[in-house]
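Take a look at the structure below.
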Amino acid sequence: MIIADMHTHTHFSSDSQASPDAMLESAAAHGLTTYCFTDHMDYLYPMDNSKFVFDPETYWATMSELREKWRGRIDVKIGVELGLRDEADTVSPVEAYYEKLLAKYPFDFVIGSTHCVDHIDPYYPSYWEGKSGTKGMLHYLESELWNLEHYNGFHVCGHLDYLMRYVPKGKRVHELPLWPVLDEILHVLVRRGIGLEINTGALRRGYPKTNPAEVIVVRYHDIGGDLITIGSDAHYAEHVAADFDRAEAMLRKIGYKEYATFSGGKPEFHKF
Ligand SMILES: [Zn+2]
Ligand SMILES: [Zn+2]
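Numbering (this note's numbering), first residue to last: 5 to 276.
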């Protein structure tokens, strides 16, 4: 059984109203003994720069208090999900901002995610205008590859192929052209000692796969990737640990016997 949810949000994220305490109640109800808050920090988010950033001081104080309150029941970890960017005008300020943040706050766990490409969140249909499904995916993955090679300070790659969730209806994705980039991404992860997150969030949004999809996890395993974390990406209390049984079954089938949690930036391994 998976006893830790390593990717979750609260009202400190612009896209969640959830109370941190309610998330922990849900975690306890699901039998978890480790729980990590990873609210969004997407510095210079396009269209609205104040979106997806939180006040780190308040965040740290709130989560530290909860960690004490829940001690003995749930091991509360304080993490963050950083939005990585590769546009020429965003790289330096984003990098400086995250370096300063990570130097000041000793996060247990840091997820590196690519949410925006070309100053747009591809969640919005306008990203796809004039692009085939394959081209939109390829462009996203190339940007993600650059981010994963360039940035420091994060421990896992969040929801690697997350954009698959947002390919517009009617646009098919041909997987073959994606493989050279996917393969390079997986090799970068292994070479740099960055873990691969299994994100179950898409399963409850009508996309029938984890992010990344099983075939990508198989390849990561084949090339020696052994650092796996599991996260629900819950933005509501009822989604904590959602579909973890499916993630566990997939990982076991691939050949994984353990997964990781993080404490003070160091991985700790747990058997299923
Ligand atoms: Zn994300
Ligand atoms: Zn997230």
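In this text, a Cβ means the ideal position worked out from N, Cα and C, and glycines have one as well.
Computed from a predicted model, the values in this text were never measured in an experiment.
Are the CB atoms of residue i and residue j nearer to each other than 8 Å?
i: V3; j: L149; result: The question about residue 3 has no answer, for the chain in this structure spans 5 to 276.
i: I277; j: T214; result: There is no way to answer for residue 277, as the model of the chain reaches only from 5 to 276.
i: G87; j: F56; result: yes
i: H15; j: A26; result: no
i: T118; j: S96; result: no
i: H239; j: D19; result: yes
i: T265; j: T38; result: yes
i: V194; j: L145; result: no
i: M45; j: L106; result: no
i: G140; j: E103; result: no
i: Y211; j: R169; result: yes
i: L142; j: T94; result: no
i: V121; j: G83; result: no
i: M10; j: I189; result: no
i: M51; j: F276; result: no
i: G30; j: A241; result: A small correction: the amino acid at residue 30 is Ser; Gly does not occupy that position in the sequence shown. Going by C-beta atoms, S30 is nearer than 8 Å to A241.
i: W74; j: L28; result: yes
i: P172; j: W132; result: yes
i: S17; j: D59; result: no
Within the present structure, is the beta-carbon of residue i separated from the nearest heavy atom of ligand 2 by less than 7 Å?
i: D237; result: yes
i: H191; result: no
i: H159; result: no
i: H178; result: no
i: H13; result: yes
Is any heavy atom of ligand 1 found at a distance shorter than 7 Å from the C-beta of residue i?
i: H119; result: yes
i: E148; result: no
i: E85; result: yes
i: G162; result: yes
Who are the near neighbours of residue i in its chain, counting only those whose CB is closer than 8 Å to its CB and skipping five residues on each side?
i: G268; result: P110 and D112
i: I258; result: E218, V221, V222 and H225
i: R250; result: T204, L207 and T214
i: E272; result: A264, T265 and F266
For residue i, which residues in the same chain have their Cβ closer than 6 Å to its Cβ, ignoring the five residues on either side in sequence?
i: R208; result: A246
i: N151; result: L88, D90 and T118
i: A178; result: A small fix is needed here, since residue 178 is His in this sequence, not Ala. Cβ within range, chain order: T138.
i: R71; result: V80
Output needed for residue i: all residues of its chain with C-beta closer than 7 Å, excluding positions within five of it in sequence on either side, in chain order.
i: G228; result: V194
i: I232; result: G199, L200, I202, L255, Y260, Y263 and A264
Residue ranges of each beta strand (DSSP E) within the stretch 216-251, 3 or longer: 232-235
Fully enclosed by the stretch 126-187, which alpha helix (DSSP H) runs are 4 residues long or longer? 137-154
Measuring CB atoms only, is the stretch 120-132 touching the stretch 154-163, in the sense that at least three cross pairs come out at less than 8 Å? no
Counting only runs of 4+ residues fully inside the stretch 49-104, write out the alpha helix (DSSP H) ranges in chain order. 60-73
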